[in-house]
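Colleague: What follows is a structure written as structure tokens; I'll ask about it next.
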Amino acid sequence: MAFAGTNISLFQPDITQKLTERIDDLKQKIATWGKRIRRFTERSRRFNQNRLFQSDQKRLYKSLERPKVCGAGQGPDQADIIAFWRGLWSEPVNHSEGPWMEVVASQGASVTPMDPITITPEDVDEAVRKVPNWKSPGLEGLHHYWL
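With positions in the sequence shown counted from 1, the corresponding number in our numbering is that position plus 5.
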């Protein structure tokens, strides 16, 4: 017996076919075990995330954040950044304004301007007091993160 535990002998006439079949069987078993391991890993990851969500949402969301990737070396100088943006924003640009702009401007001329709104810290405190953290917005339309 050339292979222990099998009926394959090197002196059989169809040894190549049997070896190929045996190799294919082993590859399928390896693939099956790999899939089982991946399923188990995914399931345990989901289970741990669900448990962490129930106990400490803040820690869960921090663990989900991707690590910040820093570039190699120093960033550009502040003077270079200022020169770059000043060159973009300080040059006048002539936009092509079509006739529809005049129509919109004439329609908007009759609209009375709204009174200015002042938002105080007390207003913000009152709005977010009962909103759960990291949830979808409710009827008030507020997204609530860790404020």
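Backbone N, C-alpha and C fix where the C-beta goes; we use that ideal spot for every residue, glycine too.
Predicted model, so just to flag it, every value in this text is computed and none were measured.
What is the rounded straight-line gap between the Cα of P121 and the Cα of R43?
Modeller: Their backbone Cα atoms lie some 57 Å apart in a straight line.
Colleague: Given this structure, state the Cα-to-Cα distance separating R51 from D30, to the nearest angstrom.
Modeller: Going from the Cα of R51 to the Cα of D30 covers about 32 Å.
Colleague: Tell whether a beta-carbon distance below 7 Å holds between L57 and L69.
Modeller: Their beta carbons are not under 7 Å apart, which means L57 does not touch L69 by this criterion.
Colleague: Please determine, among N99, D130 and Q54, the residue with the shortest C-alpha to C-alpha distance to K67.
Modeller: Ranking the options by Cα distance to K67, first place goes to Q54.
Colleague: In the DSSP assignment, the alpha helix (DSSP H) including V1 goes from what residue to what residue?
Modeller: In the structure displayed, the chain extends from 6 to 152; residue 1 sits before or after that span and is not available.
Colleague: In the DSSP assignment, find the unbroken alpha helix (DSSP H) run with I20 in it and report its ends.
Modeller: I20 to S60 is the span of the alpha helix (DSSP H), which, as asked, contains I20.
Colleague: Less than 7 Å between C-beta atoms, sequence neighbours within five positions excluded: which residues of the same chain meet that for G92?
Modeller: Once the five neighbours on either side are set aside, G92 has no close Cβ partner at all.
Colleague: Could you tell me the distance, in whole angstroms, from the CA atom of P104 to the CA atom of P118?
Modeller: Roughly 24 Å between the two C-alpha positions.
Colleague: Give the straight-line distance between the Cα atoms of Q22 and Q33, rounded to the nearest whole angstrom.
Modeller: Whole-angstrom Cα-Cα distance: 16 Å.
Colleague: Under a three-way DSSP split, which group does D82 fall into?
Modeller: Coil, per DSSP.
Colleague: In whole angstroms, what separates the C-alpha of T25 from that of D19?
Modeller: Each residue's alpha carbon lies about 10 Å from the other.
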